[in-house]
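One structure is given below, encoded as structure tokens.
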Amino acid sequence: MENPFALVPYVSKDLFCDREQETKTILEYLLNGSNVTLISPRRYGKTGLIYRVFDEIKEKKIDVNTCYADIYATEKVEDFIKTLSEAVITTLDRKKGVKAFLQFLGGLRPMLSYNPLTGNPELTMTFLSDYEKRHTLASIFEFLEKLDKKTIVAIDEFQQVRRYGNNMEALLRSYIQPLRNVQFVFCGSKKHLMAEMFTDARSPFYESTRCLYLEKIDREIYADFIVRMFAKGKKNITAKAVDFILDWTKVHTFYTQSLCNHVFLKSGKNVALQDALASAHQILVENEQTFLQWRDLLTPLQWNYLKAVAKEQSVDKPFATGFIQKYNIGTPANSNRILDALIDKELILATSTEEGVSYSVYNVFLSRWLEGQ
Ligand SMILES: Nc1ncnc2c1ncn2[C@@H]1O[C@H](COP(=O)(O)OP(=O)(O)O)[C@@H](O)[C@H]1O
Ligand SMILES: [Mg+2]
Numbered sequence: 178m179e180n181p182f183a184l185v186p187y188v189s190k191d192l193f194c195d196r197e198q199e200t201k202t203i204l205e206y207l208l209n210g211s212n213v214t215l216i217s218p219r220r221y222g223k224t225g226l227i228y229r230v231f232d233e234i235k236e237k238k239i240d241v242n243t244c245y246a247d248i249y250a251t252e253k254v255e256d257f258i259k260t261l262s263e264a265v266i267t268t269l270d271r272k273k274g275v276k277a278f279l280q281f282l283g284g285l286r287p288m289l290s291y292n293p294l295t296g297n298p299e300l301t302m303t304f305l306s307d308y309e310k311r312h313t314l315a316s317i318f319e320f321l322e323k324l325d326k327k328t329i330v331a332i333d334e335f336q337q338v339r340r341y342g343n344n345m346e347a348l349l350r351s352y353i354q355p356l357r358n359v360q361f362v363f364c365g366s367k368k369h370l371m372a373e374m375f376t377d378a379r380s381p382f383y384e385s386t387r388c389l390y391l392e393k394i395d396r397e398i399y400a401d402f403i404v405r406m407f408a409k410g411k412k413n414i415t416a417k418a419v420d421f422i423l424d425w426t427k428v429h430t431f432y433t434q435s436l437c438n439h440v441f442l443k444s445g446k447n448v449a450l451q452d453a454l455a456s457a458h459q460i461l462v463e464n465e466q467t468f469l470q471w472r473d474l475l476t477p478l479q480w481n482y483l484k485a486v487a488k489e490q491s492v493d494k495p496f497a498t499g500f501i502q503k504y505n506i507g508t509p510a511n512s513n514r515i516l517d518a519l520i521d522k523e524l525i526l527a528t529s530t531e532e533g534v535s536y537s538v539y540n541v542f543l544s545r546w547l548e549g550q
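For the sequence shown, my numbering gives the first residue as 178, with consecutive numbering after it.
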């Protein structure tokens with residue numbers, strides 16, 4: 178039996194926990210003609226959800242093309258064009274369509290090969306001028322617009338376009354807006370950046386899409402899922418063990434999946450609290466070297482601060498005397514400065530709550546490890 182706790186964004190509906198409502202909502206928006214923006218902290222399950230939606234489209238035999246481009250590793254417009262083109266080629270997946278697309282890019286002398294290991298298309302192109310880049314980008318969208326069916330293009334880690342400079346956002350917006358046969362899902366994790374891009378009145382993407390903030394998976398639903406997945410693997414897990422897993426990982430999808438995967442791997446037929454505790458401990462031991470490397474990248478004050486937040490689980494009042502004195506942070510100004518730096522490094526996550534903002538250590542395993550230091 179394969180491990181039912183997948184560590185990749187999406188395998189199949191069977192191994193995917195919930196997100197039923199989100200899948201439905203995103204599909205509704207898209208089929209209704211709206212573009213969608215999907216925002217959440219890292220590793221909550223945005224990428225998985227995109228694949229889930231695409232899978233649903235396939236299952237329901239909805240007659241649209243689906244196209245997925247992850248632009249995380251892109252630094253400039255050229256990279257974006259290349260990644261988008263490769264995604265389009267994967268979507269076309271038919272010799273004729275690919276040929277037509279390459280002809281479309283003709284002036285750039287595109288060379289297509291397929292990675293022998295992954296089977297993914299790899300495209301090299303020669304760009305001359307900025308004008309040519311802009312023109313190519315416009316042409317790709319034009320090409321999609323003219324296809325015989327609608328295409329849904331998901332652009333993952335979309336906040337990356339801000340790094341390209343030259344007001345790429347505005348340019349993209351101007352290309353995207355008139356399209357009728359192409360629809361977009363923009364996906365991103367730097368919450369403030371994405372929120373700014375899509376709600377700031379001065380931003381070119383203002384009000385052009387429907388925003389969806391992805392929350393954690395419902396705890397009860399996740400608990401049922403965990404029991405079901407263990408049962409699928411002919412194992413029986415106690416309610417206490419499941420409770421511990423969800424507490425310890427704070428129901429943060431990636432960490433919950435990782436711990437469950439480990440427990441499943443190491444346990445026998447009957448899985449009890451002891452097994453979950455042992456796996457949790459083992460995971461921290463396995464990650465210790467990485468944590469120590471991160472420590473070396475921080476100042477002692479920053480490290481001390483991170484530890485303080487971990488020990489508190491979450492901090493709502495980082496400038497309050499109580500917190501500052503308890504952990505020797507110095508002054509509220511110190512606290513402010515260090516907090517900003519740690520948020521910027523994505524070591525601390527700021528979550529909006531009804532009462533204000535709450536801060537916690539972003540990486541749940543690191544948080545658990547720091548607590549014990
Ligand atoms: N609904 C889900 N059910 C089970 N595992 C999930 C689910 N969503 C995400 N995951 C797990 O969490 C990990 C992180 O999800 P991912 O989609 O990559 O997050 P994000 O794109 O928000 O950073 C995945 O590799 C997968 O193991
Ligand atoms: Mg992702």
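Yeah, the Cβ is synthetic: ideal placement off N, Cα and C, and Gly gets one too.
With distances taken between CB atoms, is the gap from residue i to residue j smaller than 8 Å?
{"i": "D195", "j": "F500", "result": "no"}
{"i": "F382", "j": "M374", "result": "yes"}
{"i": "L454", "j": "F421", "result": "yes"}
{"i": "K310", "j": "N358", "result": "no"}
{"i": "I258", "j": "T313", "result": "yes"}
{"i": "L391", "j": "Y221", "result": "yes"}
{"i": "A487", "j": "S544", "result": "yes"}
{"i": "P218", "j": "S366", "result": "yes"}
{"i": "E252", "j": "F304", "result": "no"}
{"i": "I394", "j": "V428", "result": "yes"}
{"i": "Y291", "j": "A315", "result": "no"}
{"i": "A418", "j": "L450", "result": "yes"}
{"i": "V538", "j": "L524", "result": "yes"}
{"i": "D452", "j": "E334", "result": "no"}
{"i": "K411", "j": "S444", "result": "no"}
Which value, in whole angstroms, describes the spacing of the CA atoms of residue i and residue j?
{"i": "A124", "j": "G283", "result": "Residue 124 is absent from the structure shown; the chain starts at 178 and stops at 550."}
{"i": "T426", "j": "R396", "result": "11 Å"}
{"i": "T467", "j": "L547", "result": "13 Å"}
{"i": "E463", "j": "Y482", "result": "23 Å"}
{"i": "A337", "j": "Y249", "result": "In the sequence as displayed, the identity of residue 337 is Gln instead of Ala. Approximately 6 Å, taken between the alpha carbons."}
{"i": "R379", "j": "L349", "result": "15 Å"}
{"i": "T267", "j": "C244", "result": "8 Å"}
{"i": "F318", "j": "A457", "result": "47 Å"}
{"i": "Q434", "j": "F363", "result": "25 Å"}
{"i": "M371", "j": "I216", "result": "7 Å"}
{"i": "F542", "j": "Q479", "result": "18 Å"}
{"i": "Q354", "j": "K235", "result": "26 Å"}
{"i": "I520", "j": "N242", "result": "38 Å"}
{"i": "K273", "j": "P287", "result": "16 Å"}
{"i": "N209", "j": "V188", "result": "27 Å"}
{"i": "D240", "j": "G549", "result": "53 Å"}
{"i": "A518", "j": "I329", "result": "37 Å"}
{"i": "L469", "j": "N447", "result": "35 Å"}
Residue i: which of the options sits nearest, CA to CA?
{"i": "T528", "options": "H369, R545, N413 and F231", "result": "H369"}
{"i": "L261", "options": "W480, Q479 and A331", "result": "A331"}
{"i": "N540", "options": "Q550, F335 and L526", "result": "L526"}
{"i": "E179", "options": "L519, A408, V538 and Y432", "result": "A408"}
{"i": "G533", "options": "S491, Q502 and K443", "result": "S491"}
{"i": "D493", "options": "D377, S306, M288 and N513", "result": "N513"}
{"i": "K323", "options": "L285, N292, L356 and T295", "result": "L356"}
{"i": "L389", "options": "F182, S211 and L184", "result": "S211"}
{"i": "N505", "options": "K522, K484 and A518", "result": "K484"}
{"i": "L184", "options": "Q198, T430 and G507", "result": "T430"}
{"i": "S306", "options": "F320, L294 and L285", "result": "L285"}
{"i": "E346", "options": "D452, R387, D377 and F193", "result": "D377"}
{"i": "E233", "options": "D191, F278 and T386", "result": "D191"}
{"i": "V275", "options": "V404, F320 and Y432", "result": "F320"}
With residue i as the anchor, note down where its beta strand (DSSP E) starts and where it stops.
{"i": "P298", "result": "P298 to T301"}
{"i": "A527", "result": "I525 to S529"}
{"i": "F553", "result": "With the chain covering 178 to 550 only, the question about residue 553 has no answer from this structure."}
{"i": "S537", "result": "V534 to V538"}
{"i": "M371", "result": "Looking at the DSSP string, M371 is not in any beta strand (DSSP E); the run it does join, the alpha helix (DSSP H), is K368 to T376."}
{"i": "D247", "result": "N242 to D247"}
{"i": "N212", "result": "N212 to I216"}
Quick one: give me the first and last residue of the alpha helix (DSSP H) that residue i is part of.
{"i": "C388", "result": "First-last for C388: T386 to Y390, but that is the beta strand (DSSP E), not the alpha helix (DSSP H)."}
{"i": "Y476", "result": "The residue you asked about is not Tyr; residue 476 is Thr in the sequence shown. Run containing T476: none; DSSP gives neither H nor E here."}
{"i": "I329", "result": "Taken as a continuous stretch (DSSP letters only), I329 belongs to no alpha helix (DSSP H), being part of the beta strand (DSSP E) at T328 to D333."}
{"i": "C437", "result": "T430 to K443"}
{"i": "Y291", "result": "Unbroken run through Y291 is the beta strand (DSSP E), M288 to Y291; no alpha helix (DSSP H)."}
{"i": "D401", "result": "R396 to K409"}
{"i": "Y228", "result": "K223 to E236"}
At the 8 Å Cβ level, is residue i part of the contact set with chain D, yes or no?
{"i": "I422", "result": "The chain inventory of the structure shown lacks chain D, comprising one protein chain alone."}
Could you check whether the region 223-230 touches the region 196-211, counting it as contact only if at least three pairs of C-beta atoms, one from each stretch, sit closer than 8 Å? yes
Between the region 289-300 and the region 340-351, are three or more C-beta pairs nearer than 8 Å? no
Would you check if there are 3 or more beta carbon pairs closer than 8 Å linking the region 435-451 to the region 471-478? no
Which residues have their C-beta within less than 6 Å of a heavy atom of ligand 3, listed in chain order? Judged by which ligands are present, ligand 3 is missing from the structure shown, whose ligands are ligand 1 and ligand 2.
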